[in-house]
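Visitor: The sequence shown: position 2 = 2 (the UniProt record's numbering), numbered continuously. Have a look at the structure that comes next, please.
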Amino acid sequence: MAVIIQAKCECGEQISIELNCKLASRKDGKRPFYPDENVEPWSFVKDGERIHYSQDGVTTFRCRGCGGWLADTVPEAKFETDAPAKENQS
């Protein structure tokens, strides 16, 4: 089962993030999406609130509220890398 966390952009826009998504276009396996778009008929109750989830695999990169890059404006959506930085070789 997918692990989905709730987050917010700096502007307040709600963002859901699926973690370890096998079909994500991002190499870190995170799939940010809007919880109110492309909603399928399954949901989850968290803290008394029913949250509906997108199931079509769309990854969102920019906030629809402010236009910001989600990796910069949503801490939970920050890109994570395992690879060490490449050094300049002259």
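We put the CB at the ideal spot given by N, CA and C, even for glycine. These numbers were taken from a predicted model, which means no experiment stands behind them.
Output the distance between the C-alpha atoms of residue 79 and residue 6, rounded to the nearest integer angstrom.
Guide: If I take the Cα positions, the gap works out to 16 Å.
Visitor: Residues in its own chain within less than 8 Å of residue 86 by CB, not counting five upstream and five downstream?
Guide: With a pLDDT of only 41 at residue 86, under 50, the local geometry of the prediction cannot be trusted, and the value read off the model is given with reservation. None.
Visitor: Excluding sequence positions up to five away, which residues of its chain have a Cβ less than 6 Å from the Cβ of residue 18?
Guide: Taken in chain order, the residues that qualify are 2, 4, 31.
Visitor: In three-state terms, what does DSSP make of residue 18?
Guide: Note: residue 18 maps to strand in three-state DSSP.
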